[in-house]
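S.K.: Next up is a structure, given as structure tokens.
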Amino acid sequence: MDDPRLELVLVDASQKRMSFCAWAIAELGLGDRAEVWTGRAESFAHDPTRRGAYDIVVARGFGPPAITVECAAALLRTDGWCVISEPPERRPWPDEVPELGLVRRDGLDGVAVYVRVGAVEERFPRPSNLQKRAPLFAL
């Protein structure tokens, strides 16, 4: 984190994990460039100060692919990148997710990459129960 322009926001619903992250940020002296936000990603993405505010969203161990991209897309600026660490078995991710303005880019093995090229409707991300019941795509 040598680049002073780099700012991080770590998001997770687990208070225990976020407490550890807050401790690690303080220990590393990154308090001026990193913050923790404890809560559901769906709520975070509907915060008007967060929506469409990020150049990149990185997800690891977040959840099923359709839920991950649905939450990430609303956070990205146009031309922002979503990088998702996926399980070792290579899966055929969709080339585009038009409802979320996303198109897939080539990535490394074990990583799915999308770029936001279009608009994300205000209704996204949907509540988690609806995302689970009716995902935008299946792998």
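Residues 1 to 139, numbered by this note's numbering, are exactly what the sequence shown covers, in order.
Don't be surprised by glycine CBs; every beta carbon is placed ideally from N, CA and C.
Apart from the five residues on each side of it in sequence, which residues of its chain come closer than 7 Å, Cβ to Cβ, to Glu96?
M.R.: Hits under 7 Å: Leu102, Val103, Arg104.
S.K.: Using a 10 Å radius around the Cβ and a threshold of 16 neighbouring Cβ atoms, would you call Ile56 buried or exposed?
M.R.: Classification for Ile56: exposed.
S.K.: Would you identify the three-state DSSP class for Glu99, choosing helix, strand or coil?
M.R.: In the structure shown, Glu99 sits in a helix (DSSP, three-state: H, G or I).
S.K.: Could you give the distance in angstroms between the alpha-carbon of Pro125 and the alpha-carbon of Pro4?
M.R.: Computed Cα separation, rounded: 31 Å.
S.K.: For Gly52, which residues in the same chain have their Cβ closer than 6 Å to its Cβ, ignoring the five residues on either side in sequence?
M.R.: Only Arg77 meet the Cβ criterion.
S.K.: With burial defined as no fewer than 16 other Cβ atoms inside 10 Å of the residue's Cβ, what is the status of Phe20: buried or exposed?
M.R.: Classification of Phe20: exposed, given that the 10 Å Cβ count is below 16.
S.K.: Over the uninterrupted beta strand (DSSP E) stretch that includes Ser85, give me the two end residues.
M.R.: Unbroken beta strand (DSSP E) run through Ser85: 76 to 85.
S.K.: In terms of residues, what are the limits of the beta strand (DSSP E) holding Glu35?
M.R.: Run containing Glu35: 34 to 38, per the beta strand (DSSP E) assignment.
S.K.: To test your reading of the DSSP string, which unbroken alpha helix (DSSP H) runs of 4 or more residues are found completely within the region 27 to 73?
M.R.: Counting only runs of 4 or more, we get 41 to 46, 65 to 73.
S.K.: Using DSSP with H/G/I as helix, E/B as strand and the rest coil, what is Ala112?
M.R.: Three-state result, Ala112: strand.
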